[in-house]
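All letters in the sequence shown, in the order written, are residues 1 to 355 by full-length UniProt numbering.
Taking it in order: structure first as structure tokens, then the write-up.
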Amino acid sequence: MKTKVCLLYGGKSAEHEVSLQTAKAVTEALDLEKFDVYPVHINKEGQWIKGPKLERPAESVEDLQFSPQNQESTHPLAAFLEGGEEFDVVFPLLHGPNGEDGTVQGMLELLNIPYVGNGVLASAAGMDKVIMKHIFAEAGLAQVDYVWFMRSHWEKNQEVTYELTEKEIGYPCFVKPANLGSSVGINKCSNRDELEKAFKEAFQYDRKIIVEQGVKAREIEMGVLGNDDPKCSVPGEIVPKKEFYDYKAKYQDNSTQLIIPAEISEKVKAEMEQIAIKAFQALDCSGLVRADFFLTEDGRVLINEVNTMPGFTPVSMFPLLWKHSGLDYPQLIETLIDLAIKRHEEKQKIKYTVS
Ligand SMILES: Nc1ncnc2c1ncn2[C@@H]1O[C@H](COP(=O)(O)OP(=O)(O)O)[C@@H](O)[C@H]1O
Ligand SMILES: [Mg+2]
Numbered sequence: 001m002k003t004k005v006c007l008l009y010g011g012k013s014a015e016h017e018v019s020l021q022t023a024k025a026v027t028e029a030l031d032l033e034k035f036d037v038y039p040v041h042i043n044k045e046g047q048w049i050k051g052p053k054l055e056r057p058a059e060s061v062e063d064l065q066f067s068p069q070n071q072e073s074t075h076p077l078a079a080f081l082e083g084g085e086e087f088d089v090v091f092p093l094l095h096g097p098n099g100e101d102g103t104v105q106g107m108l109e110l111l112n113i114p115y116v117g118n119g120v121l122a123s124a125a126g127m128d129k130v131i132m133k134h135i136f137a138e139a140g141l142a143q144v145d146y147v148w149f150m151r152s153h154w155e156k157n158q159e160v161t162y163e164l165t166e167k168e169i170g171y172p173c174f175v176k177p178a179n180l181g182s183s184v185g186i187n188k189c190s191n192r193d194e195l196e197k198a199f200k201e202a203f204q205y206d207r208k209i210i211v212e213q214g215v216k217a218r219e220i221e222m223g224v225l226g227n228d229d230p231k232c233s234v235p236g237e238i239v240p241k242k243e244f245y246d247y248k249a250k251y252q253d254n255s256t257q258l259i260i261p262a263e264i265s266e267k268v269k270a271e272m273e274q275i276a277i278k279a280f281q282a283l284d285c286s287g288l289v290r291a292d293f294f295l296t297e298d299g300r301v302l303i304n305e306v307n308t309m310p311g312f313t314p315v316s317m318f319p320l321l322w323k324h325s326g327l328d329y330p331q332l333i334e335t336l337i338d339l340a341i342k343r344h345e346e347k348q349k350i351k352y353t354v355s
């Protein structure tokens, strides 16, 4: 019996195109002798459109984009309830809000379908930089100093928020919307003027923002894979040619260099592995995360963030880290599907009655 895999990709998000590229690559990597693959495309309007079962890998991203037949068929639930297919597992290839933040995961929980990657809690906590940092602090993980603000409070008294930031954090600092990714709405500030502009911009993207102390550091990333006994990949280094790793550097120019494995000492590597696992467990992660670190000039390891659905094209950091750790792209995908099914089985053991 073949495993029925539903690929969920696209999304009403800045990362729509990246997600399509990822989906195409995943169809190429999946062994069609072992898997029946059903595509579900979420278009830029947020409509969910189920395509026919794939007979062969997608040759282009156009093969994976479908037009809605009628309005009813574009409801998120229709993809799972109509047509009689029961998927063995769903593979969400979505990044950012409405995909990586626990919303889609919540729907799949209610439908009781196994799905790849993190659950509701880890996805939601990992999407919110403030909550994530609170949890890391509680777990005793070293990180940059930060403060955070709600838009409504800032609107009432902007001066107070700037003064507090200058007192607690100082310059340079990074201002970020709490709930985004891909560096959208993030600015580095060196003075009050830039700070005011950065607050304004960040508050356009979220009702909550975080301001962090800016550090001069190397950026090292590590893949984590597993459920209750997660394992780490080799470390990799991101070398942005720019001031920092911004949206353009991530998606639009090829200026950023990835160095795998990163040249760091065994001691630093061991420390990062320990922190990556602690972060994974503190957030109650499952399946995968990419843990991102700052390695400061004086040798301190700070956790920057974890990404619960890291970039996943074959040339993205996470798959490359695993390739260098002995797991190629098709093997990585099969491992993730396997982990999804195992976690679901584990959950079925939970008793819902009191005796
Ligand atoms: N506190 C900081 N100090 C120095 N550089 C930072 C800091 N925060 C972010 N950056 C730079 O900005 C980039 C994007 O920030 P990050 O918090 O990772 O946001 P995203 O979730 O969008 O990836 C980082 O990869 C790094 O280059
Ligand atoms: Mg990042």
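All C-beta atoms, glycine included, are put in the ideal place defined by N, C-alpha and C.
The structure displayed is predicted, hence computed values, not measured ones.
My output table needs one value for residue i: the three-state DSSP class, helix, strand or coil.
i	result
V211	strand
P177	strand
K50	strand
T308	coil
P92	strand
V147	strand
I341	helix
K133	helix
Y115	strand
I259	strand
residue 436	It is not possible to answer for residue 436, since the shown part of the chain is limited to 1 through 355.
K188	strand
P97	coil
What separation, rounded to the nearest whole angstrom, lies between the Cα atoms of residue i and residue j?
i	j	result
G117	P92	8 Å
V234	P177	30 Å
P68	A25	23 Å
G287	V89	13 Å
E168	V211	10 Å
F318	K349	31 Å
S255	L195	27 Å
H153	F203	11 Å
E33	K2	7 Å
E263	Y171	29 Å
L111	G83	15 Å
V215	I238	15 Å
Q65	A78	17 Å
L108	N98	13 Å
C6	L180	26 Å
N227	C285	7 Å
A270	V301	11 Å
E221	I259	10 Å
A137	E85	44 Å
I49	E266	48 Å
N191	Q213	13 Å
V354	P330	43 Å
P261	E201	36 Å
H324	Q143	27 Å
Q257	W322	17 Å
E166	A340	45 Å
residue 360	Y251	The structure shown does not extend to residue 360, since the chain is modelled only from 1 through 355, so no value can be given for it.
Just to confirm my understanding: we take residue i, look at its own chain, exclude 5 residues before and 5 after, and list those with CB closer than 7 Å. What are they?
i	result
S19	Y9, G10, G11, L93, L94, H95
K188	P172, F174, G214, E243, F244
P76	W48, M107
Suppose the cutoff is 6 Å on Cβ atoms and the five residues either side in sequence are ignored; what does the same chain contact list for residue i look like?
i	result
F149	T161, I209
E282	Correcting the residue type first, residue 282 is Ala in the shown sequence and not Glu. These residues qualify, in order along the chain: I135, A139.
H344	P114
T47	The sequence given here has Gln at residue 47, not Thr. Same-chain partners within the cutoff: P68, T74.
F80	L111
G106	V120
P39	L7, G51, L64
E294	Correcting the residue type first, residue 294 is Phe in the shown sequence and not Glu. The answer, listed in chain order, is V215, A217, L302, N304.
K242	A249
A23	L7, Y9, L64, L93
V104	P92
Could you tell me if residue i is buried or exposed, where buried requires 16 or more neighbouring beta carbons within 10 angstroms of its beta carbon?
i	result
E206	The question names Glu, yet the displayed sequence has Asp at residue 206. D206 should be labelled buried.
K133	buried
I337	buried
R290	buried
residue 356	Since the displayed the chain opens at 1 and closes at 355, residue 356 lies outside it and no answer follows.
D193	exposed
L164	exposed
F174	buried
D145	exposed
K157	Before going on, a small fix: residue 157 reads as Asn here, not Lys. It is exposed - the Cβ of N157 has fewer than 16 other Cβ atoms within 10 Å.
E100	buried
D292	buried
N307	buried
Are there any heavy atoms of ligand 3 lying less than 6 Å away from the beta-carbon of residue i, as far as the coordinates show?
i	result
G311	By its list of ligands, the structure shown excludes ligand 3, since it contains just ligand 1 and ligand 2.
What does a CB cutoff of less than 8 Å around residue i pick up in its chain, not counting 5 residues either side in sequence?
i	result
E297	K216, A217
* Asked: What are the uninterrupted segments assigned as alpha helix (DSSP H) that are 4 or more residues long and contained completely in the region 213-257, given in chain order?
  -> 247-251
* Asked: Residue ranges of each alpha helix (DSSP H) run of no fewer than 4 residues wholly in the region 4-88, ordered along the chain?
  -> 16-29, 78-81
* **Uninterrupted alpha helix (DSSP H) stretches inside the region 265-315 (no shorter than 4 residues)** => 266-282
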